[in-house]
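The next block holds one structure in the form of structure tokens; read it before the comments.
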Amino acid sequence: SQQGEEDPQALSIQEGENATMNCSYKTSINNLQWYRQNSGRGLVHLILIRSNEREKHSGRLRVTLDTSKKSSSLLITASRAADTASYFCATDVRAGKSTFGDGTTLTVKP
Amino acid sequence: EAQVTQNPRYLITVTGKKLTVTCSQNMNHEYMSWYRQDPGLGLRQIYYSMNVEVTDKGDVPEGYKVSRKEKRNFPLILESPSPNQTSLYFCASSLKGRGEQFFGPGTRLTVL
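These protein sequences, in sequence, are chains A and B. Counting from 1, position 32 in the first sequence corresponds to residue 32 in this note's numbering; the numbering is continuous, with no gaps. Counting from 1, position 5 in the second sequence corresponds to residue 5 in this note's numbering; the numbering is continuous, with no gaps.
Take a look at the structure:
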């Protein structure tokens, strides 16, 4: 089965609200990344957090990592309609070897 | 412009007819990967390469071949495609040790 699992599978919120999605994984990792995908297009890298980091910020994005629980969360604050997309976590367990979660589909209503 | 390109973008073929999907990056990245994406299953890594002539299996390598003869190119070969290989395929590249992957636009393959 996949290394990463995300929840919820789908999330629908109003513009301006915050969106939180979670990722759990199974084995030790070097780093964890979050990507966004707009409707069947290529994935775009959002943020990377290393295994020795606990929290990282980038603009409206906040990522946390709890290696003891093997979990991460992505918070998008003050969401916009343009944030509507699928979001995936990916874990690197060794050089070159990446495993993606099944994704969370976020819908932001104007 | 820094980018990963894939060709073709769309392909409809028949069972057993060998095909190659090309992938090229212009960022001098050491690492390259192929993924397939199926509804409800996220992305699954097929093969990856850490440098020229260095490749390794991902999670779903069966039915696929790859080669890395030049740093910029990483073609995906389906010697005898079958309908269960109908999928959306992505190529990605990254700098060694950086983690951040740059993705191509995808190739939608249908095998009849």
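Ideal Cβ placement from N, Cα and C applies to all residues, glycine included. Predicted, not measured: the structure shown is a model, and the values here were computed from it.
| query | result |
| --- | --- |
| Neighbour flag for B:ALA2 against chain A, beta carbons, 9 Å | no |
| Buried or exposed by the 16-neighbour rule on C-beta atoms within 10 Å, applied to B:LEU112 | exposed |
| Beta-carbon proximity check, B:GLY99 vs B:CYS23, cutoff 9 Å | no |
| Amino acids of chain A, ordered along the chain, whose beta-carbon sits closer than 8 Å to that of B:SER33 | GLY96 and SER98 |
| Whole-angstrom distance between B:TYR31 and A:THR77, CA atom to CA atom | 33 Å |
| B:ASN28 in three-state terms, based on DSSP | coil |
| Nearest residue (CA-CA) to A:SER51, options A:SER79, A:THR64 and A:GLY40 | A:THR64 |
| Interface flag, B:LEU88 vs chain A, CB-CB below 9 Å | yes |
| Nearest residue (CA-CA) to B:THR86, options B:ASP38, B:ASN73 and B:SER93 | B:ASP38 |
| Distance between beta carbons of A:LEU61 and A:ILE49, contact taken as under 8 Å | With 8 Å as the limit, A:ILE49 and A:LEU61 do not qualify as a contact, their Cβ atoms being about 11 Å apart. |
| Members of the segment 31–59 of chain A near chain B, C-beta cut-off 7 Å | ASN31, GLN33, GLY40, ARG41, GLY42, LEU43, HIS45 and LEU48 |
| Residue environment, A:ASN31, which counts as buried when at least 16 other CB atoms sit within 10 Å | buried |
| Buried/exposed call for B:VAL21, threshold 16 Cβ in 10 Å | buried |
| B:GLN101 vs B:SER49 beta-carbon contact at 9 Å | no |
| Segment contact flag, the segment 95–109 of chain A with the segment 61–71 of chain B, C-beta cutoff 8 Å, min 3 pairs | no |
| Whether B:TYR35 touches B:PHE90 by CB criterion (9 Å) | yes |
| Inter-residue spacing [alpha-carbon to alpha-carbon] between B:ILE12 and B:VAL60 | 21 Å |
| Beta-carbon contacts of B:ILE77 that lie in its chain and below 6 Å, excluding the five residues immediately before and after | THR20 and LYS65 |
| Expected contact under 8 Å - CB spacing of A:THR107 and A:SER12 to nearest Å | 4 Å |
| Under 7 Å from the C-beta of B:PHE103: neighbouring residues of chain A | GLY42 and LEU43 |
| Any chain A beta carbon closer than 9 Å to B:ARG44 | yes |
| Partners in chain E for A:ASP92, counting only beta-carbon separations shorter than 8 Å | In the structure shown, chain E cannot be found, because the protein chains are A and B. |
| Proximal residues to A:SER71 (C-beta, below 7 Å), its chain only, five neighbours per side dropped | ASN22, CYS23 and SER24 |
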